[in-house]
Amino acid sequence: MPLKIFLHGLESNNQGTKAVYFREHFPNMLTPNFAGSLRHRMEQLKPLLAAETDLTLVGSSFGGLMAAAFALTETARVRKLVLLAPALNLLPLTNYPFKTIATPVVIYHGAQDSVVPLEATLEISQKIFNNCTFNKVADDHFLHDTFPIIDWKRLLDIP
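Okay, so the sequence shown: first residue is 641 according to the working numbering, each after it adds one.
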(Lines of atoms letter the chains of each structure in order from A and count residues from 1; the text may use other names and numbers.)
(Lines give C-alpha, C1' and ligand atoms only; values in the text may rest on other atoms or scores of the structure.)
Protein backbone atom coordinates (compact mmCIF):
# COMPACT_ATOMS: atom_id res chain seq x y z
CA MET A 1 0.00 0.00 0.00
CA PRO A 2 1.39 3.44 -0.88
CA LEU A 3 2.54 5.61 1.98
CA LYS A 4 0.93 9.03 2.14
CA ILE A 5 2.64 11.92 3.88
CA PHE A 6 1.69 15.56 4.45
CA LEU A 7 4.48 18.16 4.50
CA HIS A 8 3.44 21.41 6.20
CA GLY A 9 4.56 24.93 5.34
CA LEU A 10 7.42 27.04 6.66
CA GLU A 11 5.52 28.85 9.41
CA SER A 12 3.14 25.98 10.16
CA ASN A 13 3.58 22.67 11.94
CA ASN A 14 1.90 19.30 12.25
CA GLN A 15 -0.78 20.86 14.47
CA GLY A 16 -2.00 23.17 11.69
CA THR A 17 -5.44 22.95 10.09
CA LYS A 18 -4.37 20.83 7.11
CA ALA A 19 -2.29 18.37 9.14
CA VAL A 20 -5.11 17.92 11.66
CA TYR A 21 -7.58 17.36 8.80
CA PHE A 22 -5.40 14.64 7.30
CA ARG A 23 -4.87 12.90 10.66
CA GLU A 24 -8.62 12.94 11.36
CA HIS A 25 -9.73 11.76 7.90
CA PHE A 26 -6.78 9.58 6.89
CA PRO A 27 -5.26 8.10 10.08
CA ASN A 28 -2.61 6.15 8.15
CA MET A 29 -1.21 9.34 6.63
CA LEU A 30 2.03 10.59 8.15
CA THR A 31 2.00 14.21 9.34
CA PRO A 32 5.50 14.83 10.75
CA ASN A 33 6.80 18.12 12.09
CA PHE A 34 9.71 19.92 10.41
CA ALA A 35 11.85 22.91 11.33
CA GLY A 36 14.76 24.81 9.86
CA SER A 37 16.01 25.51 6.37
CA LEU A 38 15.12 23.50 3.27
CA ARG A 39 18.35 21.52 3.60
CA HIS A 40 17.68 20.78 7.26
CA ARG A 41 14.06 19.77 6.58
CA MET A 42 15.15 17.47 3.76
CA GLU A 43 17.65 15.86 6.15
CA GLN A 44 14.72 15.23 8.53
CA LEU A 45 12.47 13.90 5.74
CA LYS A 46 14.84 11.43 4.07
CA PRO A 47 15.17 9.01 7.03
CA LEU A 48 11.38 8.99 7.49
CA LEU A 49 10.96 7.75 3.93
CA ALA A 50 14.14 5.68 3.58
CA ALA A 51 12.38 2.30 3.43
CA GLU A 52 9.41 3.48 1.35
CA THR A 53 9.14 2.95 -2.40
CA ASP A 54 5.54 3.91 -3.20
CA LEU A 55 4.92 7.44 -1.96
CA THR A 56 2.19 10.03 -2.31
CA LEU A 57 3.43 13.38 -1.05
CA VAL A 58 1.07 16.23 -0.21
CA GLY A 59 2.87 19.49 0.41
CA SER A 60 1.61 22.91 1.43
CA SER A 61 3.68 26.00 0.56
CA PHE A 62 7.22 25.24 1.80
CA GLY A 63 6.11 21.63 2.21
CA GLY A 64 5.25 21.68 -1.50
CA LEU A 65 8.80 22.82 -2.17
CA MET A 66 10.05 19.89 -0.06
CA ALA A 67 7.82 17.44 -1.93
CA ALA A 68 9.02 18.71 -5.32
CA ALA A 69 12.69 18.59 -4.27
CA PHE A 70 12.26 15.04 -2.96
CA ALA A 71 10.51 13.92 -6.16
CA LEU A 72 13.24 15.43 -8.33
CA THR A 73 15.88 13.31 -6.58
CA GLU A 74 13.80 10.20 -5.78
CA THR A 75 11.50 10.08 -8.81
CA ALA A 76 11.14 6.30 -8.98
CA ARG A 77 9.82 6.18 -5.40
CA VAL A 78 7.11 8.82 -5.83
CA ARG A 79 3.68 7.77 -7.12
CA LYS A 80 2.03 11.20 -6.95
CA LEU A 81 2.48 14.78 -5.76
CA VAL A 82 -0.34 17.02 -4.56
CA LEU A 83 0.96 20.55 -4.05
CA LEU A 84 -0.95 23.36 -2.34
CA ALA A 85 0.39 26.83 -3.20
CA PRO A 86 3.87 25.30 -3.43
CA ALA A 87 6.85 27.60 -2.91
CA LEU A 88 8.45 26.42 -6.15
CA ASN A 89 9.93 29.91 -6.55
CA LEU A 90 12.44 28.88 -3.85
CA LEU A 91 13.47 25.67 -5.64
CA PRO A 92 17.20 25.81 -6.39
CA LEU A 93 16.82 24.83 -10.06
CA THR A 94 20.60 24.83 -10.53
CA ASN A 95 20.64 21.70 -8.34
CA TYR A 96 18.44 19.94 -10.91
CA PRO A 97 19.72 21.05 -14.34
CA PHE A 98 17.54 19.76 -17.17
CA LYS A 99 15.65 17.55 -14.71
CA THR A 100 11.98 16.86 -15.38
CA ILE A 101 9.70 14.22 -13.95
CA ALA A 102 6.68 12.39 -15.34
CA THR A 103 5.20 11.65 -11.92
CA PRO A 104 1.54 12.77 -11.77
CA VAL A 105 1.34 16.17 -10.08
CA VAL A 106 -1.77 18.08 -9.02
CA ILE A 107 -1.32 21.72 -7.99
CA TYR A 108 -3.84 24.06 -6.37
CA HIS A 109 -2.76 27.70 -6.27
CA GLY A 110 -4.80 30.71 -5.25
CA ALA A 111 -5.18 33.56 -7.73
CA GLN A 112 -4.97 36.00 -4.79
CA ASP A 113 -1.84 34.42 -3.25
CA SER A 114 0.32 37.24 -1.87
CA VAL A 115 2.95 34.91 -0.39
CA VAL A 116 3.98 32.68 -3.31
CA PRO A 117 3.61 34.23 -6.78
CA LEU A 118 1.17 32.19 -8.87
CA GLU A 119 3.02 33.06 -12.10
CA ALA A 120 6.29 31.67 -10.72
CA THR A 121 4.61 28.45 -9.63
CA LEU A 122 3.02 28.02 -13.05
CA GLU A 123 6.26 28.76 -14.91
CA ILE A 124 8.43 26.44 -12.81
CA SER A 125 5.84 23.65 -12.77
CA GLN A 126 5.79 23.73 -16.58
CA LYS A 127 9.59 23.36 -16.61
CA ILE A 128 9.89 20.41 -14.23
CA PHE A 129 6.60 18.47 -14.30
CA ASN A 130 5.62 16.64 -17.49
CA ASN A 131 2.32 15.34 -16.09
CA CYS A 132 0.83 18.25 -14.15
CA THR A 133 -2.74 19.35 -13.55
CA PHE A 134 -2.61 23.00 -12.49
CA ASN A 135 -5.70 24.37 -10.72
CA LYS A 136 -5.82 28.17 -10.42
CA VAL A 137 -8.48 28.80 -7.79
CA ALA A 138 -10.27 31.88 -6.41
CA ASP A 139 -8.45 31.82 -3.10
CA ASP A 140 -5.40 33.15 -1.25
CA HIS A 141 -2.19 31.42 -0.15
CA PHE A 142 -3.82 29.47 2.65
CA LEU A 143 -6.52 27.97 0.42
CA HIS A 144 -9.07 28.11 3.26
CA ASP A 145 -11.98 28.08 0.79
CA THR A 146 -10.49 25.49 -1.56
CA PHE A 147 -8.95 22.95 0.82
CA PRO A 148 -12.25 21.68 2.33
CA ILE A 149 -13.89 21.09 -1.05
CA ILE A 150 -11.02 19.14 -2.63
CA ASP A 151 -11.95 15.49 -3.21
CA TRP A 152 -9.12 14.16 -1.07
CA LYS A 153 -10.19 10.51 -1.30
CA ARG A 154 -9.93 10.66 -5.08
CA LEU A 155 -6.67 12.61 -5.05
CA LEU A 156 -5.10 10.24 -2.55
CA ASP A 157 -6.41 7.18 -4.44
CA ILE A 158 -8.40 5.92 -1.47
CA PRO A 159 -11.34 3.63 -2.34
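Note that CB positions come from ideal geometry on N, CA and C, so glycine has one too.
Asked, Found
"What number of angstroms, rounded off, separates the C-alpha of Gln655 from the C-alpha of Gly703?", "14 Å"
"Please confirm whether Ile645 and Leu697 have their CB atoms less than 8 Å apart.", "yes"
"Once the 5 residues before and after Gln684 are set aside, which same chain residues still bring their CB inside 6 Å of it?", "Phe674"
"Quick one, are the C-beta atoms of Val777 and Tyr748 less than 8 Å apart?", "yes"
"With respect to the alpha helix (DSSP H) encompassing Lys660, which residues constitute its N-terminal and C-terminal limits?", "Per the sequence shown, residue 660 should be read as Val rather than Lys. It spans 657-665 - the alpha helix (DSSP H) in which Val660 sits, taken as one unbroken run."
"What separation, rounded to the nearest whole angstrom, lies between the Cα atoms of Thr743 and Thr773?", "11 Å"
"Just reading off the beta strand (DSSP E) that Lys720 is part of, what are its end residues?", "718-724"
"Which stretch, first to last residue, makes up the alpha helix (DSSP H) that contains Ile789?", "Looking at the DSSP string, Ile789 is not in any alpha helix (DSSP H), and its letter there is neither H nor E."
"Please state whether DSSP places Ile764 in a helix, a strand or coil.", "helix"
"Could you check where the alpha helix (DSSP H) with Phe782 kicks off and where it finishes?", "Element bounds for Phe782: n/a, residue is neither H nor E."
"Can you give the beta carbon distance from Leu728 to Ala708, rounded, assuming they're within the 8 Å contact cut?", "6 Å"
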